[in-house]
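Okay, structure first, notes after.
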Amino acid sequence: MPVYQSIPKVHFDFGAIAALPGELARLGVARPLIVSDRGLVACGAIDRVAATLPAGLDHALCPDIPENPTVAGVERAIEVWRSEECDGVVAIGGGSVLDSGKAVRVLARHGGDLAEIAAAPARIAPDLPPLVTIPTTAGTGAEITAGGGIHVRPEEIAFGLRSPHIKANVAICDPELTLTLPPPLTAATGMDALGHCIEGYLAPTINPPLRAVALDGIRRVAANIEAAVADGADRAARWEMQMAALQGGMAIYLGLGSVHALAAVFGIGRFHHGTLVALAIPAVLRYLEDVVPAKIADIHEAMGLAPGTGTAEAVAELNRRIGLPASLAEMGWTDDDTDRLAGAAAASHFNATAPRKPSREEYRRIIAGLL
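Those letters in the sequence shown? Residues 644 to 1014, by the numbering used here.
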């Protein structure tokens, strides 16, 4: 029997950040901890958000979340939480920051070892400290999801932190905060949103409303990502991409698949998750074209492709047009141990909701085509 989970409350539009003071008051937060990264501090984004807070509401700041979220980054935030006696979390940033914000609220409530808690998610209590998520990219959908990935060490595959209790109480999606996102990150995060929508749509989960959302998200990315990459100040394109990212977050509730299994395997060290997703989409669509042909035909139509154009080839060409790499080697990957990598991909939890789980040998062939 299908179970339809709800998403958090969402404020969405240019200027939505003005809702933050009222939401903190509603949640009873008197001293929020702002969790973010150094880049957002340097560009003034944190000051812009903090400026919306009323004069009497003090806050603490931990800007130490790395590009790939780590246990160490979460623990640094917890130190600030405790020393500053905070009572709520405001996570401002991309997916790494937003996932770290979820982890902070878990440790703030439970303490202990985060990886051990993640291995027994039933231990996570419903009465976690309040969390408000504010995305500054348009791609991850982490602002509304009930899961996240955290690395014990940057060079290792992330473990999953999953519980219906860790998703934010409120998400504030203000496209204004994405206007200064540079073209490479606009491209990579936008293709991450496309990957969420495609994999959610392809998943076997029975949820017609969310399948419709996923298909609409595909339409928005296909129609707007090039404009957003070409001109970051294009407010209409930025609005559409922020909405597509939100829809991608909804699509994640349907499940993900082999694209994200591959992205997880290669998503260690310096490689951006969205870029890896973009690279993996065409390879996985080719693998699935005889498995779910009707659904891939729906994706073809949603992307507005001409008859006779291959869906996988169209995504690969879109990657090229927006400046994303065409191979792992082009990204700087040097490890050619495809058997080990294929084993890690085959063992990924993302395969649980794939329309067909590739065998180790099938993953080996897919990976060989990405190198």
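All residues carry an ideal CB built from backbone N, CA and C; glycine is no exception.
Residues in the same chain with beta-carbon distance under 7 Å from residue i, minus the five sequence neighbours each way, listed in chain order, please.
i, result
"residue 845", "900, 931, 935, 938 and 998"
"residue 871", "829, 833, 877, 880, 881 and 884"
"residue 685", "none"
"residue 990", "none"
"residue 717", "743, 746, 747, 750, 757 and 793"
"residue 970", "1013 and 1014"
Give every residue of the same chain whose Cβ lies closer than 8 Å to the Cβ of residue i, excluding the five residues on either side of it in the sequence, and list them in chain order.
i, result
"residue 957", "943, 946 and 948"
"residue 697", "664"
"residue 995", "898"
"residue 966", "826, 827, 830 and 872"
"residue 753", "760, 766, 767 and 768"
Write down the C-beta distance between residue i and residue j rounded to the nearest angstrom, noting that I regard them as a contact closer than 8 Å.
i, j, result
"residue 693", "residue 702", "7 Å"
"residue 1023", "residue 648", "No answer is possible for residue 1023: it lies beyond the span of the chain, which begins at 644 and ends at 1014."
"residue 732", "residue 748", "5 Å"
"residue 889", "residue 787", "7 Å"
"residue 779", "residue 688", "6 Å"
"residue 1014", "residue 972", "6 Å"
"residue 705", "residue 719", "6 Å"
"residue 902", "residue 927", "5 Å"
"residue 922", "residue 950", "No, residue 922 and residue 950 are not in contact; Cβ-Cβ is about 26 Å, not under 8 Å."
For the alpha helix (DSSP H) holding residue i, just list the boundary residues, first then last.
i, result
"residue 907", "901-909"
"residue 852", "851-873"
"residue 938", "936-945"
"residue 665", "663-670"
"residue 915", "Run containing residue 915: none; DSSP gives neither H nor E here."
"residue 958", "954-964"
Can you tell me where the beta strand (DSSP E) holding residue i begins and where it ends?
i, result
"residue 675", "675-678"
"residue 705", "703-705"
"residue 816", "813-816"
"residue 734", "731-736"
"residue 778", "774-778"
"residue 609", "There is simply no residue 609 to check, as the chain begins at 644 and stops at 1014 in what is shown."
"residue 839", "No beta strand (DSSP E) holds residue 839; the alpha helix (DSSP H) holding it covers 826-845."
"residue 646", "From DSSP, residue 646 is part of no beta strand (DSSP E); its letter is neither H nor E."
"residue 790", "790-793"
"residue 652", "652-655"
Please identify the residue among the options whose C-alpha is closest to the C-alpha of residue i.
i, options, result
"residue 746", "993, 792 and 983", "792"
"residue 677", "967, 736, 990 and 794", "736"
"residue 962", "729, 992 and 918", "918"
"residue 1058", "768, 867, 760 and 729", "This structure cannot settle anything about residue 1058, because the visible part of the chain is limited to 644 through 1014."
"residue 993", "666, 906, 928 and 926", "906"
"residue 974", "661, 690 and 915", "915"
"residue 699", "682, 688, 683 and 667", "667"
"residue 795", "765, 788 and 758", "758"
"residue 770", "981, 751, 802 and 721", "751"
"residue 1012", "755, 988 and 981", "981"
"residue 847", "705, 1000 and 1004", "1000"
"residue 988", "790, 800, 681 and 928", "800"
"residue 855", "790, 843 and 682", "843"
"residue 964", "902, 978, 875 and 869", "869"
"residue 983", "927, 940, 909 and 970", "909"
"residue 978", "969, 1010 and 849", "1010"
"residue 790", "721, 951 and 893", "893"
"residue 651", "681, 851, 721 and 810", "810"
Taking 6 Å as the limit between beta carbons, can you name the residues of its chain near residue i, skipping five residues before and five after?
i, result
"residue 891", "784, 836, 839, 840 and 860"
"residue 734", "678, 740, 741, 744 and 776"
"residue 959", "925"
"residue 727", "703"
"residue 986", "1003"
Report task. Check whether the region 821-840 touches the region 876-886, counting contact only when three or more Cβ pairs, one atom from each stretch, lie closer than 8 Å. Result -> yes
Requested in this report: Give a yes or no on contact between the region 739-752 and the region 809-819, applying the rule of three or more CB pairs nearer than 8 Å.
Outcome: yes
**Report entry** the region 651-663 / the region 703-713 touching (three or more Cβ pairs under 8 Å)
**Finding:** no
Report task. Specify whether the region 667-675 and the region 794-807 touch according to this definition: at least 3 beta carbon pairs, one from each stretch, less than 8 Å apart. Result -> no
Query raised in the report: On the three-pair Cβ rule with 8 Å, is the region 837-851 touching the region 770-781?
Result: Remark: fewer than three beta-carbon pairs, one from each stretch, lie closer than 8 Å, so the region 837-851 and the region 770-781 are not flagged as touching.
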